[in-house]
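Here the structure comes first, spelled out in structure tokens, and everything after it is commentary.
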Amino acid sequence: MNPHAKLITSLSLLLGTTITISSNHWMMAWTGLEINTLAIIPMISKSHHPRAIKALIKNFLVQAAASTLVLFSSTINAWHTGQWDLTQLTHPTSCLLLTTAIAMKLGLVPFHFWFPEVLQGSSLTTALLLSTMMKFPPITILFMTSHSLNPTLLTAMAIASAALGGWMGLNQTQIRKILAFSSISHLGWMSIIIIYNPKLTLLTFYLYSLMTITVFLTLNTTKTVKLSTMMTSWTKTPMLNATLMLTLLSLAGLPPLTGFLPKWLIIQELTKQEMTTAATIITMLSLLGLFFYLRLAYYSTITLPPNSTNHMKQWHINKPTSAPIAIVTSLSALLLPLSPMILTTI
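Rendered as structure tokens:
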């Protein structure tokens, strides 16, 4: 991509995100979402591959439909209450429409169909932006309107997302699709708690973004997009693959690692809210995710490719691991001891 075009699209993405997360008026929030939708178009389509164009069209149609619903929801609310403030969403129909719109933007079940296909058609860098930065504005809108949302609807969607994210990730061989279903599953955890403790949802999103950034940057360094190439990537960067295994186990939520912190706090909060059944169900469903994370970790570090296969020998690369990957990998694995300090901020 032309450097000037890349600069303009990156700045537009930052601008759209900033406008949405800092606005109190529905029209400004909608404007930010639209700028984001338009800014990601060149990034998805830059490879000019038919799959990329298909992904772009799917993403554009879904995001445009969701933005229309956001506008429709805010207009109905303003018609009945005279309020354009984000925090003053009180009309029941508006609340229902907004929940649907944000679920479409985030890729929550049952509006998840577009997300794995779009990630599969994008490059690893664009997939990283779609999984993290593009999710931030909708999460912020949910955060601002959390007191108005329907608890039963959100809980049902959250449990369905955790279930489907786990089930559908089991038989995938493309790593971007596995990470897409991982994202859907994590969004289920964020949605279930947003009404009861919105700040905890933001903490979960930040830690999820941190771990996802680590995984995508590592995969981008080793140029790995499917499980079969992951088996041979250890010959290029053995140390990076070992740390990738730790990051994947952290995403799964295993106790000594960073990813355990948000799940532990969410289960604790759900129990306080007397939602023990929901906490038990979503915890059991996270075991499905654990299975495919373990599968990825096994392929990345433990499995050696059979010597009989004809593949080009890959030697160690002399380039050292970049500082950003080293920093985010350390944070993805080692933040749990700092949890008392983190808890004071929420």
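What the sequence shown shows, in mature numbering (1 follows the signal peptide of the UniProt record, and there is no 0), is residues -23 to -1, 1 to 323, in sequence order. Every residue gets a Cβ at the ideal spot worked out from N, C-alpha and C, and that includes glycine. Predicted, not measured: the structure shown is a model, and the values here were computed from it.
Expressed to the nearest angstrom, what Euclidean distance is found between the alpha-carbon atoms of residue 65 and residue 2? Straight-line Cα distance between these residues: approximately 10 Å.
Could you give the C-beta distance for residue 175 and residue -4, rounded to a whole number, given that I count them as a contact under 8 Å? Actually they are not in contact, since the Cβ atoms of residue 175 and residue -4 sit about 16 Å apart, beyond 8 Å.
Using 8 Å as the Cβ pair cut-off and three pairs as the minimum, do the stretch 46 to 53 and the stretch 69 to 83 touch? Note that the stretch 46 to 53 touches the stretch 69 to 83; at least 3 beta-carbon pairs, one per stretch, sit closer than 8 Å.
Short of 7 Å in beta carbon distance, which residues of its chain neighbour residue 230, apart from the five on each side in sequence? Order them along the chain. Apart from the 5 residues on each side of it in sequence, residue 230 sits with its Cβ closer than 7 Å to the Cβ of 236, 237, 240, 263 in its chain, given in chain order.
Residue 137 versus 13, 260, -12, residue with shortest Cα-Cα distance: Proximity to residue 137 across 13, 260, -12 peaks at 260, based on C-alpha coordinates.
Does the stretch 120 to 128 come close enough to the stretch 23 to 35 to have 3 or more Cβ pairs within less than 8 Å? Touching, no.
Residue 96 versus residue 160: straight-line alpha-carbon distance, rounded: Roughly 11 Å between the two C-alpha positions.
So, does the stretch 143 to 151 touch the stretch 169 to 184, judging by three or more C-beta pairs under 8 Å? The stretch 143 to 151 vs the stretch 169 to 184: no contact.
Cβ-Cβ distance between residue 222 and residue 278 below 7 Å: Between residue 222 and residue 278, the gap from beta carbon to beta carbon is short of 7 Å.
With DSSP as the reference, label residue 65 as helix, strand or coil. Correct three-state label for residue 65: helix.
Among residues of its own chain, excluding the 5 on either side of residue 57, which ones have a beta-carbon nearer than 7 Å to its beta-carbon? Excluding sequence neighbours, residue 57 sits near 68.
So what's residue 240 in DSSP terms, helix, strand or just coil? Helix at residue 240.
Can residue 32 and residue 98 be called in contact, C-beta distance under 7 Å? Yes, they are a contact pair.
Determine whether the beta carbon atoms of residue 225 and residue 274 lie at a separation below 7 Å. Going by C-beta atoms, residue 225 is nearer than 7 Å to residue 274.
What does the Cβ neighbour count give for residue 163, buried or exposed, with the cut at 16 atoms within 10 Å? Residue 163 should be labelled buried.
From residue -23 to residue -14, what does the alpha carbon distance come to, in whole angstroms? Whole-angstrom Cα-Cα distance: 12 Å.
Cβ-based burial, residue 105 [other Cβ within 10 Å; buried from 16]: Label assigned to residue 105: buried.
What do you reckon, are the CB atoms on residue 270 and residue 234 nearer than 7 Å? Against a cut-off of 7 Å, the Cβ pair of residue 234 and residue 270 comes out as no contact.
Between the beta-carbon of residue 309 and the beta-carbon of residue 191, is there less than 7 Å? In terms of Cβ geometry, residue 309 and residue 191 form a close pair [threshold 7 Å].
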